[in-house]
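K.L.:
So the sequence shown is numbered by this note's numbering: it starts at 1 and just counts up by one.
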Amino acid sequence: MDKVINSKTGLKGRIKIPGDKSISHRAVMFGSIAKGDTKITGFLTGDDCMSTIACFKKLGIDIDVNKDTVVVHGKGLRGLSAPKEALDVGNSGTTIRLISGILAAQPFDCVLNGDASIRKRPMKRIIDPLLQMGADIESENEGYAPLTVHGRKLKAIEYTMPVASAQVKSSILLASLFAEGTTVINEPVASRNHTEIMLNYFGADIKNNNGVITSSPVEELYGEDIDVPGDISSAAFFMAAGLIVPDSHIIIENVGINPTRTGIIDAFKAMGGYVEIINERSSGGEPVADIEVKTSRLRAITLEGDIIPRMIDEIPVFAVAALCAEGTTVVKDAEELKVKESNRIATMSEELGKLGVVIKETDDGMIIEGGQKIRAGRVYSHLDHRVAMSCAVAALTADGATTITDADCVAISFPDFYEKLESL
Ligand code: S3P
């Protein structure tokens with residue numbers, strides 16, 4: 001599908017954005033291996049989370065998808081059954097990496113496959129620690145999907161994370177639930193901690209002492225109700241739009257503001273952006289708030305180090321905001337962008353280049369000269385939801401109508417993105 005985005009001024013109003021993708025995935029997965037029902041409200045019904053639901057249904061779990069709730073009828077740590085066919089994770093890296101940790105310990109074998117993008121994404125990062133735990137995983141070309149996971153008895157390990165990745169950490173933590181002994185993960189740079197929060201909420205015994213995470217065995221997990229907050233990664237498109245589109249004032253309601261995810265707010269504030277956290281509260285151990293943004297004069301910053309994993313998914317739209325700032329923005333330490341749904345350093349540079357602006361690619365990030373004039377044009381999403389939405393935000397400040405090709409991939413994380421944008 002092609003989508004035409006017209007340039008705009010004066011984005012105004014209150015919006016509610018869809019549920020957090022990371023938390024929605026986890027609620028289904030952990031609910032499936034917990035005893036009893038997990039009732040999820042605010043669930044993101046995007047394609048990725050629906051892939052997770054489809055996988056656990058094939059593993060014998062009953063999951064009711066109703067209008068306002070998803071109910072997972074969990075069967076406990078030892079309740080999954082062998083699937084009759086390969087599990088299809090679609091486009092979802094979170095699904096394949098987390099589910100591998102669970103499947104590594106089951107008394108059956110299972111094949112995991114996904115779309116063309118998934119088959120290009122590195123899986124060695126989960127295979128290595130899982131093999132150390134005693135898993136038996138075959139992969140294509142030593143590290144790519146499809147994966148064949150032969151269930152084995154697992155043992156605890158001590159593991160130091162070579163990259164800051166919540167998906168890798170979560171895969172090991174899930175395997176640790178089935179392993180003999182206490183698993184220790186050293187995490188030099190913090191990544192999102194929704195797994196630790198939700199597993200503990202369900203009865204696990206996971207502690208984090210200054211980046212040393214321990215997971216000790218428990219007999220069972222027990223399902224709990226989960227109210228999923230809005231996804232800050234989806235809110236980021238409206239934060240950026242509110243900051244750079246003249247005469248805008250937006251309030252984004254009910255956004256998860258877990259400190260492992262709020263790098264984008266810190267970055268926009270450091271640029272001089274009006275981004276205020278209001279009405280702060282808590283839900284299921286996760287902090288939630290409304291976010292108010294107003295058009296602001298932005299200045300360039302250097303983005304590097306520990307903030308990068310705290311805003312890894314938001315860097316494409318951050319780059320768009322940096323184009324509208326005064327001065328030269330530098331993004332470093334962000335080589336992980338190359339192994340997302342697309343190589344986001346390359347795809348953002350290529351597509352924004354079609355709108356007449358230059359984003360210089362570097363080995364570990366990008367250099368963005370502020371104050372460049374964005375021109376209307378035709379861009380391609382590369383079937384990457386965040387590239388499509390970032391281009392849409394850039395198009396708001398262009399000098400005419402911009403067309404996004406294969407724009408419907410936003411359904412991965414934000415099915416009604418274009419409608420929400422139009423509502424402002
Ligand atoms: C996610 C973790 C991040 C993020 C992805 C979702 C998660 O990936 O980019 O969109 O739900 O754990 P990494 O942990 O690989 O950095």
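In this text, a Cβ means the ideal position worked out from N, Cα and C, and glycines have one as well.
Here the structure is a predicted model, which is why all the values come from computation and not from measurement.
Counting only runs of 3+ residues fully inside the segment 308-377, write out the beta strand (DSSP E) ranges in chain order.
P.N.:
Entirely contained in the segment 308-377, the beta strand (DSSP E) runs reaching 3 residues are, in chain order, 328-331, 359-362, 365-369.
K.L.:
Is Asp-313 close to the ligand S3P? I mean its beta-carbon at under 7 Å from any heavy atom of the ligand.
P.N.:
Taking the first residue of the sequence shown as position 1, residue 313 is located at position 313. The answer is yes for Asp-313.
K.L.:
Would you call the segment 262-269 in contact with the segment 204-216, where contact means no fewer than 3 C-beta pairs closer than 8 Å?
P.N.:
No, the segment 262-269 is not in contact with the segment 204-216.
K.L.:
List the whole-angstrom C-beta distance separating Ala-156 from Glu-180, where the pair is believed to meet the contact cut-off of C-beta under 8 Å.
P.N.:
On the sequence shown, residue 156 is found 156 positions in, with the first residue counted as 1. On the sequence shown, residue 180 is found 180 positions in, with the first residue counted as 1. Contact holds; Cβ gap of about 6 Å.
K.L.:
Should the segment 226-236 be regarded as contacting the segment 253-263, the criterion being three or more beta carbon pairs within less than 8 Å?
P.N.:
Segments in contact, yes.
K.L.:
In the DSSP assignment, what residue or residues form a beta bridge with Gly-36?
P.N.:
Looking up residue 36 in the sequence shown gives position 36. BP columns for Gly-36 point to Gly-74.
K.L.:
Just confirm the distance between the C-beta atoms of Ile-102 and Leu-174, as a whole number of angstroms; I'd bet it's less than 8 Å.
P.N.:
Translated into the one-based positions of the sequence shown, residue 102 becomes position 102. Translated into the one-based positions of the sequence shown, residue 174 becomes position 174. Yes, they are in contact, since the Cβ atoms of Ile-102 and Leu-174 sit about 5 Å apart, within 8 Å.
K.L.:
So is the beta-carbon of Ala-27 under 7 Å away from any non-hydrogen atom of the ligand S3P?
P.N.:
By one-based count along the sequence shown, residue 27 stands at place 27. Every heavy atom of the ligand S3P is 7 Å or more from the Cβ of Ala-27, so no.
K.L.:
Between Gly-76 and Ile-33, how many whole angstroms is the CB-CB distance? I'm expecting something under 8 Å.
P.N.:
Sequence index remark: in the sequence shown, residue 76 carries index 76 (1-based). Sequence index remark: in the sequence shown, residue 33 carries index 33 (1-based). Contact holds; Cβ gap of about 7 Å.
K.L.:
Only counting the same chain, and skipping five residues up and downstream in sequence, which positions put a Cβ closer than 7 Å to that of Ile-278?
P.N.:
As a first step, residue 278 must be located in the sequence shown, where it is residue number 278. Within the same chain, Ile-278 has close Cβ partners Ala-289, Asp-290, Glu-292.
K.L.:
Can you tell me which of Val-379, Ser-22, Leu-98 puts its alpha carbon nearest to the alpha carbon of Glu-351?
P.N.:
Position 351 of the sequence shown, counted from the start, is the residue given in the question as residue 351. Closest option to Glu-351, Cα to Cα, is Val-379.
K.L.:
Relative to the C-alpha of Gly-79, which candidate in Val-71, Ile-301, Gly-60, Asn-91 has its C-alpha closest?
P.N.:
Along the sequence shown, read from residue 1 onward, the residue named residue 79 stands at position 79. When each option's Cα is compared against that of Gly-79, the closest is Gly-60.
K.L.:
Can you have a look at Phe-238 and say buried or exposed, based on whether 16 or more other CB atoms are within 10 angstroms of its CB?
P.N.:
Residue numbering aside, residue 238 sits at position 238 when the sequence shown is read from its first letter. Buried, because 16 or more other Cβ atoms sit within 10 Å of the Cβ of Phe-238.
K.L.:
Got a sec? Which residues, its chain only, sit under 8 Å from Asp-109 by beta carbon, not counting five neighbours each side?
P.N.:
For the purposes of this step, residue 109 is identified with residue 109 of the sequence shown, where counting begins at 1. Excluding positions up to five away in sequence, the list reads Ala-82, Thr-148, Val-149, His-150, Gly-151.
K.L.:
Taking Thr-403 as part of the beta strand (DSSP E), name the residues at either end of that continuous run.
P.N.:
Taking the first residue of the sequence shown as position 1, residue 403 is located at position 403. Thr-403 -> beta strand (DSSP E) spans 402-405.
K.L.:
Please report the straight-line C-alpha distance between Ser-381 and Glu-219, rounded to a whole angstrom.
P.N.:
In the sequence shown, residue 381 corresponds to position 381, counting from 1. In the sequence shown, residue 219 corresponds to position 219, counting from 1. Each residue's alpha carbon lies about 46 Å from the other.
K.L.:
Have a look at Asn-209 and Ile-307 and give me their C-alpha separation to the nearest angstrom.
P.N.:
Against the sequence shown, residue 209 aligns to sequence position 209. Against the sequence shown, residue 307 aligns to sequence position 307. Cα-Cα distance, rounded: 20 Å.
K.L.:
Compute the minimum distance between the beta carbon of Lys-124 and the heavy atoms of the ligand S3P, and state whether it is under 7 Å.
P.N.:
Position 124 of the sequence shown holds residue 124. Flag unset: Cβ of Lys-124 not near the ligand S3P.
K.L.:
Under 8 Å, do Lys-35 and Leu-199 count as touching if we go by C-beta distance?
P.N.:
The residue given as residue 35 occupies position 35 in the sequence shown. The residue given as residue 199 occupies position 199 in the sequence shown. Taking 8 Å as the Cβ cut-off, Lys-35 and Leu-199 do not qualify as a contacting pair.
K.L.:
In angstroms, rounded to a whole number, what distance separates the CA positions of Lys-332 and Asp-37?
P.N.:
Position 332 of the sequence shown, counted from the start, is the residue given in the question as residue 332. Position 37 of the sequence shown, counted from the start, is the residue given in the question as residue 37. Their Cα atoms are separated by approximately 44 Å.
K.L.:
Pull up the distance between the alpha-carbon of Met-365 and that of Met-348, whole angstroms please.
P.N.:
The residue you call residue 365 lines up with position 365 of the sequence shown. The residue you call residue 348 lines up with position 348 of the sequence shown. Position check: residue 365 holds Gly in this sequence, whereas Met was assumed. Taking the straight line from one Cα to the other gives about 11 Å.
K.L.:
Rounded to whole angstroms, what is the Cα-Cα separation between Gln-372 and Ala-334?
P.N.:
The residue given as residue 372 occupies position 372 in the sequence shown. The residue given as residue 334 occupies position 334 in the sequence shown. Roughly 23 Å separates the two Cα atoms.
K.L.:
Could you please give the first and the last residue of the uninterrupted beta strand (DSSP E) stretch that includes Tyr-274?
P.N.:
Mapped onto the sequence shown, residue 274 falls at position 274. Taken as a continuous stretch (DSSP letters only), the beta strand (DSSP E) holding Tyr-274 covers 274-283.
K.L.:
Grab the span of the beta strand (DSSP E) containing Pro-129 for me, first residue to last.
P.N.:
Within the sequence shown, numbered from 1, the residue matching residue 129 stands at position 129. Looking at the DSSP string, Pro-129 is not in any beta strand (DSSP E); the run it does join, the alpha helix (DSSP H), is 124-132.
K.L.:
Can you look up Thr-183 in the DSSP assignment and give me helix, strand or coil?
P.N.:
As a working note, residue 183 is residue 183 in the sequence shown. Here Thr-183 sits in strand by DSSP.
K.L.:
In this structure, how does DSSP classify Leu-396 when only helix, strand and coil are distinguished?
P.N.:
As a first step, residue 396 must be located in the sequence shown, where it is residue number 396. Residue state, collapsed to three classes: helix.
K.L.:
Would you tell me roughly how many angstroms separate the C-alpha atoms of Lys-67 and Arg-26, rounded to the nearest one?
P.N.:
Within the sequence shown, numbered from 1, the residue matching residue 67 stands at position 67. Within the sequence shown, numbered from 1, the residue matching residue 26 stands at position 26. Lys-67 and Arg-26: Cα-Cα distance of roughly 20 Å.
K.L.:
Looking at the structure shown, is Ser-460 part of a helix, part of a strand, or coil, going by DSSP?
P.N.:
A question about residue 460 goes unanswered here, because the residues of the chain that appear run from 1 up to 424.
K.L.:
Check whether the Cβ of Ser-425 sits closer than 7 Å to any heavy atom of the ligand S3P, and report yes or no.
P.N.:
Outside the displayed range of the chain (1 to 424) lies residue 425, so it cannot be described from this structure.
K.L.:
Keeping to the same chain, check which residues put their C-beta closer than 7 Å to that of Gln-106; ignore five residues upstream and five downstream.
P.N.:
On the sequence shown, residue 106 is found 106 positions in, with the first residue counted as 1. Once the five neighbours on either side are set aside, the close Cβ partners of Gln-106 are Leu-80, Gly-151.
K.L.:
When every heavy atom of the ligand S3P is checked, does at least one fall within less than 7 Å of the C-beta of Ala-166?
P.N.:
As a working note, residue 166 is residue 166 in the sequence shown. Ala-166: yes, Cβ under 7 Å from the ligand S3P.
K.L.:
Residues in its own chain within less than 6 Å of Ile-367 by CB, not counting five upstream and five downstream?
P.N.:
Looking up residue 367 in the sequence shown gives position 367. Once the five neighbours on either side are set aside, the close Cβ partners of Ile-367 are Val-330, Lys-360.
K.L.:
So, is Thr-69 buried or exposed, given that buried needs 16 or more other C-beta atoms within 10 angstroms?
P.N.:
Looking up residue 69 in the sequence shown gives position 69. Result: exposed.
K.L.:
What's the C-alpha gap between Leu-11 and Val-245?
P.N.:
Locating residue 11 in the sequence shown gives position 11, counting from the first residue. Locating residue 245 in the sequence shown gives position 245, counting from the first residue. Distance between the alpha carbons of Leu-11 and Val-245: 7 Å.
K.L.:
Short of 8 Å in beta carbon distance, which residues of its chain neighbour Asp-88, apart from the five on each side in sequence? Order them along the chain.
P.N.:
In the sequence shown, counting from the first residue as 1, residue 88 sits at position 88. Taken in chain order, the residues that qualify are Ser-51, Ala-54, Cys-55, Asn-113, Gly-114.
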